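Okay, so here's the structure we're looking at.
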Amino acid sequence: MSQLTILHIETMIVDLPTIRPHHLSMAVMRKQSMVIIRLFCSDGIEGIGESTTIGGISYADEFPEGIKLAIDTYFAPLLIGQDPRSINSIMSLLDKNISGNNFAKSGIETALLDAQGKRLNVPISSLFGGAITTALPVLWTLASGDTQTDIDEALKLIAQKRHHTFKLKIGSKDPDTDVAHVAAIKAALGRDIRVTVDVNQAWTEAVAKRAIKKLQAAGVDLIEQPIVKSNFDGLARLTSYFEVPIMADEAAATVQDVFKLAKIHAVSVIALKNAKAGGLRAMQQQAAIAQGAGIALYGGTMLEGSIGSLATAHLCATIPDLQWGTELFGPLLLTDDIVKKTIVYDNYALQIPEGPGLGVELDMNKIEKYKRN
Ligand SMILES: [Mg+2]
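FYI, the numbering for the sequence shown is 1 to 373, going by my numbering.
Next up, the structure:
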């Protein structure tokens, strides 16, 4: 291969307001702070990536200011001078020298994949064996904090043919209040509309057992991460106890986590996320383990903007049986976007753009407007 190197890496934090306050068990979001990565190569190609988390430092070990600092201080010196086509070699160099920091690593990997896709004039999905579909089903999260507002929001979105599955973020209130909220929404939307809940680890196993019993009776379709992420055995007990499927999200962070969950049949579904896995290559490995174990798959979100959401979408599009669809609605939760041609959502699905790499371009005017100084 001819001499080709990474010349320079630029990172910035971009703050975009949300369309409404987004209530989670650990935080209320009024903006999303995304770390945007620009990776410049000596052949003139620029790869872009995104490392985003939820609610500052309340959700994960990493946080926007820390991700930027880690990339600028520790990642960039390792990356500069490397051949950007050698993605496996670069990522193992990072793993050898940098412990953890999977959110930061995922954004760098996305930028490398975007650059390589542009170089070869193929979408990122082609670097993973090719897309099976051009559109992915996308659910919507109802998290206004008010039951009637959530019902009105859902009915409007069903009428617009934008979503037919809704996820409710619960766990911050008393469990009986949460269950009543969910049951009222499920009853209002009816049998044909799927309703799932995400507890974000908020319950003890005992509380989970009582609450899931009532949620199952109310017709809820899926229970996501009801208990603390470290309690794999507890997830296994809940999975064997209930008919309603239990999904691992925070528990299924790394490839090793998915293997351990699969080994003890701890869950029926796994949420795949680029950021927690440390990149799309790891996400593909997680999917393979889950498929081998008969565990269903779901394309999760870290509430990324368009760049991060499309990275996950390109990998999800290569998975033959993504039984639970995706929640790649992040860009729809934001009041504005930083890419030139925004993602099209219609017919209950995200339409994956056709261009090379991620298929989107940064809008530098918007970056200037929202970039943190
Ligand atoms: Mg979740």
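Just so you know, even glycine gets a beta-carbon here, dropped at the ideal spot from N, CA and C. All of these numbers come straight from a predicted model, not from anything done at the bench.
Could you check the C-alpha separation between Gly117 and Gly130 for me, to the nearest Å?
12 Å
Tell me Ser51's beta-bridge partners as DSSP assigns them.
Val35
If you draw a straight line from the alpha carbon of Leu238 to that of Ile98, how long is it in whole angstroms?
36 Å
Between which two residues does the beta strand (DSSP E) containing Thr239 stretch?
From DSSP, Thr239 is part of no beta strand (DSSP E) but of the alpha helix (DSSP H) over Phe232 to Tyr241.
Contact defined as beta carbons within less than 8 Å: I believe Leu94 pairs with Ile108. What is the distance between those atoms, to the nearest angstrom?
7 Å
Contacting residues, own chain, Cβ-Cβ under 6 Å from Gly325 (five flanking each side not counted)
Pro137
Less than 8 Å separating the beta-carbons of Ile270 and Ile295?
yes
Output the residues surrounding ligand 1, defined as those with a CB atom closer than 7 Å to any ligand heavy atom, in chain order.
Asp198, Asn200, Glu224, Gln225, Asp249, Glu250, Ala271 and Gly300
Determine the direct distance from the alpha carbon of Leu39 to that of Leu7, and round the result to whole angstroms.
8 Å
Specify, as a first and last residue, the run of the alpha helix (DSSP H) that Ala217 falls within.
Glu205 to Ala217
I need the DSSP call for Met283, collapsed to helix, strand or coil.
helix
For Pro175, does the count of other Cβ atoms within 10 angstroms reach 16, so buried, or fall short, so exposed?
buried
Same chain only: Cβ atoms within 6 Å of Gln82, ignoring 5 sequence neighbours per side
Ile6 and Ile90
Residues bridged to Asp15 (per DSSP)
Ser33
Stretch pair the segment 311-323 + the segment 52-64: three plus CB contacts closer than 8 Å:
no
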